[in-house]
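Residue numbers for the sequence shown follow full-length UniProt numbering, beginning at 1 and rising by one.
So the structure is just underneath, and the comments pick up after that.
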Amino acid sequence: MASSAAASAAEELAALSLAAPASLASLLPLLHPAASAAQLRTAHLALAQLAGLSFSTAPTPLATPGPQERIGAEEGRVLRDALASSAAERLAALRALGILAGLAPDVLLPLLATLLPSLLDAGSAPDHAALLIAAFLSTLASHAAARAALREHQAVGEWCDGWLDTAELGGGGKQEASTKDIALLAGLARVKLGPAAAPTAPPALQEEEIGSAEAKAEAKLRAQEKRNREKEAQREWERKEVEELRASLLALAKARLLLSHSHKEAAAESKPTQEEAGLPFDEEIKHATFMAALEALAHLSAHMKQAIVSDAPLLERLCSPSLLGSSVSRRPVFPQRLGAAASGAPSSSYEADPTRPASRTADGAALYALASILCALVAPPPILSAQEAQLAALRAKASNVALAPREDAAAAEARALKVLAAGGAATLVRLVAHSTESKATQEACASAFLGLAAPQTRASRAQIAREGGAKALLALCSLASSSSSASSEAQEEQRATLALLPMQALARLCISLPTPALFNAPAAPLRPLARLFLDALASPLQRFEACLALTNLASLPGLAGDVAKASHEGVSVEQALRERIVAAHRMERRAAVELLCNLAQDEQVRAIWSGEVEDEAVAQGSTSATTTAAPAATASAAPAAAAKGRLHVLLALCAPSTSSSDEHDGDEQADAEQGTATESTLQTRLAASGALATLLSSPSACSRLLSLRASSLAILARLLEPTVEPRERAGARVRTLEEEESEKQEKQAREKERLAEAHDAQSAGEAQMEHVRRDLRLRAAAAMGCVAQYTAWLRQGGGSDGGAGEAQQQQQQLRHMQAKLGAAAWLEALRQRQAEKGDVGAMCHEALGLFASVGVQ
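This is how it looks when you write it as structure tokens:
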């Protein structure tokens, strides 16, 4: 085996070092059906050089001489003579054409006009020659310039249609199998070329006359109506033709895949004799038909998703481990036990020999084709914004075509569940394990995983994880994060957007399943989830799902600080939350507040959001030299105001809201996936009140909270007892116009809160609402208790040096605090709830006692 491998390598090196490419006539003997695999490799490399390609690092056209100069009239004559010669010469010429069509289709364009008649004449019988001709046309039709050239020759389409018709008639035996293989490749070429041209006018319309010369206006109108009917009839005729073509191609592709057990056909299937074809040629034919079936399904899966998914035998075959052979099956590391080979168990990796074709990895084109099929089958329908839907309708109207009906999201989820039940997740895991060098295959696998994870059911996502999907997605995230070269800025942005797909799929698994159950190290998905949350190219839905996944991750012991510090492009998760809690969309805002509630368990995050870090910065600035004191104070004013503003936002989020103007900001995708504008704000209020209660354990946060207006503090009072009202200031006083307008707006805001509270109660249900109200009261009582402890701490001289001036200032602050808390109805709410049984009543009673101890009554 080693000597044969060395000889093969020597032949390849000899072909690579050819000073002058061999002539086409001298290469044809290397392409005969009986040629060895080494001869075929040599012929491939020589034909590449003949076409003007270099394989030093990657296929690139040589500067001089050009391809047209190397393959011209003489080579065309050699090919025509070979096509008209013996069967072996004909097959060698067709092999050469197939290789050139895949390597450099442009070099064949000048020869098409003279070669096509000979090719079509040679492909009239159901033999290997016709199959290679169909494969050549299919390969050539994959390129735009060649496809346009083939469309100019009507005989090509008629030849393809003829084989499709022959396959439908059937025959029986080996000849029928060969006919179906030829029809499969011919049908694939026909799909790429497009349907045949419709008749100029249907027979029913040809009998209609335009009209008399006297009634010109009426005749002109009838002529226009006739043209419109003719166009409509032509479109209908083409639509039916396309549907029939796709249905025929689907049946042929299914038949091909169900007959094959791997890249190598089952032993029971008939094989050509050695005189008709050698082993390499036999494998080439089988590989061509197998790849044609996969490519056909890749084309059809975009238009016939439901038909493919509803075909259980075909779907099971696509997801079968044996479809791409043992090279894609996961093999054990240790050698096989005795008798394991006979039982069909996967061979050991010890037995893999890279010099043997059977031991090499699966064909990259087959991997990509299968990944593309699965991606299309589970793809969700595009969710368009109002502007995009309007543009689509205008384009359809301008093209005078009917707008395609939009698929229901439930139908897409049903397809995903069927693919998952057939083993789609396990198939994708195998593809990921063998596609580390193909970006296109990785992106298709990531999109397919995202579609499989679309159904929001714990059972379906758990099945993805059980079959290795979580670890495969983590590997895809790592590969997507690696640097990639792009030729333009637009391509770089597109590649960066596609890199987020496996991260989004991973986020969906982390939302529904506990992270310790997915990975041995719970922090493993932190980096991809943080990038999805922070990436500027992420959509609102992707940011929302990443936020939910990070919230679950931050709830694990010891991980809140790691989640807060996780960063991307210089921005940490904690820093991004400062803007996300005021996001335009309600659900994104809610997810951000819930994440903050978990992150607030970390001491550093709590110090930042409570204002302790800013107070420390101010204290350090006040001890600086006189020349630097003023700049330090100026610099600290802005952050201090920012901390107060963030606490104010959290307090505002504790109140029920009926505002829907921020819910319809043109992002229909977020609305469709996350909820409507009328969704309850209960979860946001719970998270915001929990975060606020946690932060108020710091004196810095209490000081900033008490600096807010009484109308803002009244939110906590109504959170504890919704029926309380802010207390009017005693005695007669003169109000300014600004004060009257402010009071009017506050009354309107309270009325809106009552309506929102009623809506929350209606949407949640009485039983759930009672449970939520109890939780809200508990958080409000805890927050008020923290403020009461802060007042007691102040009364005891907390934070002062004990000077007479500072003591007097604290007494004045307490009197001001008493007036503000009274106006905010805090004490009234606490009194109404102190008799409640349980923790809420105990907290209210304790808070009232602390307030009374400092004279706040």
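Glycine included, each C-beta is placed from N, C-alpha and C at the ideal position.
Contact check, residue i vs residue j, beta carbons under 9 Å
| i | j | result |
| --- | --- | --- |
| LEU476 | PRO502 | yes |
| LEU716 | ALA688 | no |
| ALA600 | LEU708 | no |
| LEU653 | ARG718 | no |
| SER138 | GLU295 | yes |
| LEU131 | ILE99 | no |
| SER610 | ALA693 | no |
| LYS305 | ALA369 | no |
| GLU574 | ILE608 | yes |
| LEU83 | ALA122 | yes |
| HIS303 | ARG229 | no |
| LEU500 | GLN542 | yes |
| LEU647 | ARG704 | yes |
| GLY797 | GLN810 | yes |
| VAL309 | LYS418 | yes |
| SER698 | GLU616 | no |
| GLY424 | ALA448 | yes |
Option nearest residue i by Cα separation, candidates the options
| i | options | result |
| --- | --- | --- |
| THR427 | LYS305, LEU119, SER372 and LEU553 | SER372 |
| ALA412 | GLU243, CYS375, GLU588 and ALA122 | CYS375 |
| ARG23 | THR42, ALA470 and ALA46 | In the sequence under discussion, the amino acid at residue 23 is Ser, which differs from the Arg named in the question. Checking every option, the nearest Cα to that of SER23 belongs to ALA46. |
| LEU713 | SER700, GLN762 and ALA824 | ALA824 |
| ARG833 | GLY797, GLN812, GLN811 and ALA782 | ALA782 |
| THR441 | THR684, ALA465, LEU479 and ARG461 | LEU479 |
| PRO33 | ALA780, ALA129, ALA73 and GLY102 | ALA129 |
| residue 861 | ALA177, THR289 and ALA642 | Since the first residue of the chain shown is 1 and the last is 857, residue 861 is not available in this structure. |
| SER763 | LEU682, ARG774 and ALA780 | LEU682 |
| CYS844 | GLU721, ALA422 and GLN812 | GLU721 |
| ARG406 | VAL419, ILE383 and ALA416 | ILE383 |
| TRP826 | HIS153, VAL724 and VAL772 | VAL724 |
| GLU437 | GLY797, ASP363 and LEU140 | ASP363 |
| ASP127 | SER310, ARG90, HIS153 and ARG151 | ARG90 |
| CYS319 | HIS648, GLN390 and ALA422 | ALA422 |
| GLU466 | LEU420, LYS286, SER572 and GLY822 | Note that residue 466 is Arg in the sequence shown here, rather than Glu. Of the candidates LEU420, LYS286, SER572 and GLY822, the one whose C-alpha sits nearest the C-alpha of ARG466 is LEU420. |
| ARG256 | ASP311, PRO699 and LYS286 | LYS286 |
| GLU74 | ALA470, LEU776 and SER26 | SER26 |
Contact set for residue i: own chain, Cβ-Cβ below 6 Å, skip 5 residues either direction
| i | result |
| --- | --- |
| LYS837 | none |
| ARG795 | VAL854 |
| GLN39 | LEU30 |
| LEU297 | ALA253 and ILE373 |
| ARG80 | SER118 |
| GLU269 | At GLU269 the pLDDT is 44, less than 50, meaning the model places this residue with poor confidence and gives no usable figure here. |
Close beta carbons around residue i, own chain, < 7 Å, minus the five adjacent residues each side
| i | result |
| --- | --- |
| THR791 | LEU814, MET817, LEU850, PHE851, VAL854 and VAL856 |
| ALA633 | Here the model assigns ALA633 a pLDDT of 39, short of 50, so the residue's position is not dependable, and the following value carries that caveat. Within the same chain, ALA633 has close Cβ partners GLY621. |
| GLY841 | ARG833, GLN834 and ALA835 |
| ASP839 | LEU778 |
| ARG44 | Note on residue identity: the sequence assigns His, not Arg, to residue 44. The residues are ILE99. |
| ALA416 | VAL378, GLY451, LEU452, ALA454 and PRO455 |
| ALA307 | LEU250 |
| GLY690 | CYS597 and ARG779 |
Neighbourhood of residue i by C-beta distance below 8 Å, restricted to the same chain and skipping five residues each side
| i | result |
| --- | --- |
| residue 868 | In the structure displayed, the chain extends from 1 to 857; residue 868 sits before or after that span and is not available. |
| ASN520 | none |
| PRO313 | LYS254 and LEU258 |
| GLU846 | GLY785 and ALA788 |
| CYS160 | ALA134, LEU137, ALA186, GLY187, ALA189, ARG190 and LEU193 |
| ALA592 | CYS547, LEU577, ARG580, ILE581 and ALA583 |
Whole-Å CB distance - residue i paired with residue j, under 8 Å assumed
| i | j | result |
| --- | --- | --- |
| HIS143 | PRO195 | HIS143 to PRO195, Cβ: 19 Å. No contact. |
| SER431 | LEU367 | Note on identity: in this sequence residue 431 is Leu, with Ser being the wrong assignment. Right, their Cβ atoms sit about 6 Å apart. |
| LEU250 | LEU300 | 5 Å |
| LEU506 | PRO528 | 6 Å |
| GLY170 | LEU193 | At roughly 25 Å, the Cβ-Cβ gap does not stay under 8 Å, so GLY170 and LEU193 are not in contact. |
| residue 940 | GLN604 | One cannot answer for residue 940 here, as it falls past the ends of the chain, which runs 1 to 857. |
| CYS547 | LEU595 | 5 Å |
| GLY76 | LEU111 | 4 Å |
| SER248 | GLU176 | Actually they are not in contact, since the Cβ atoms of SER248 and GLU176 sit about 15 Å apart, beyond 8 Å. |
| ARG147 | ALA141 | 5 Å |
For this session: Mind the definition here: the region 506-514 touches the region 545-554 only if three or more C-beta pairs lie below 8 Å; say whether that holds.
Result: yes
Exercise. Touching or not, the region 558-569 and the region 524-543, by the rule of three or more beta carbon pairs under 8 Å?
Worked result: yes
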